[in-house]
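Participant: Structure provided below as structure tokens; questions to follow.
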Amino acid sequence: MRAEAIEHNQLEQALTLRRHYLPGEGDELDSLARALWLDKYFAERSANSVAHGIATAFNG
0 MRAEAIEHNQ
10 LEQALTLRRH
20 YLPGEGDELD
30 SLARALWLDK
40 YFAERSANSV
50 AHGIATAFNG
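Each residue of the sequence shown is one higher than the one before, starting from 0 at the first, in numbering that gives the first Met the number 0.
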């Protein structure tokens, strides 16, 4: 399956993230790196938001 191939191919993952976050840019190394950074940034931001929400729910 195509999805399984993407799971095992880091270049394909980087290209997919670049297309998601930076649809107007090409597949240059800088664009791939920027997309990977954005993905990590948004994942960390989301995790921090969830942790903050849980803490607020339990502590009032």
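We treat Cβ as the ideally placed atom computed from N, Cα and C, and that holds for glycine.
(1) Run the CB neighbour count on arginine 44, radius 10 Å, all protein chains shown included, and call it buried at 16 or more, exposed below.
(2) Using the C-alpha atoms, what's the distance from alanine 34 back to proline 22?
(3) Might you give, ordered along the chain, the residues of its own chain that have their beta carbon closer than 8 Å to the beta carbon of histidine 128, omitting 5 neighbours on each side?
(4) Between leucine 16 and aspartate 38, is the Cβ-Cβ spacing less than 9 Å?
Facilitator: Judging by the given coordinates:
(1) exposed
(2) 10 Å
(3) Here the chain has residues from 0 to 59 only, and residue 128 is not among them.
(4) yes
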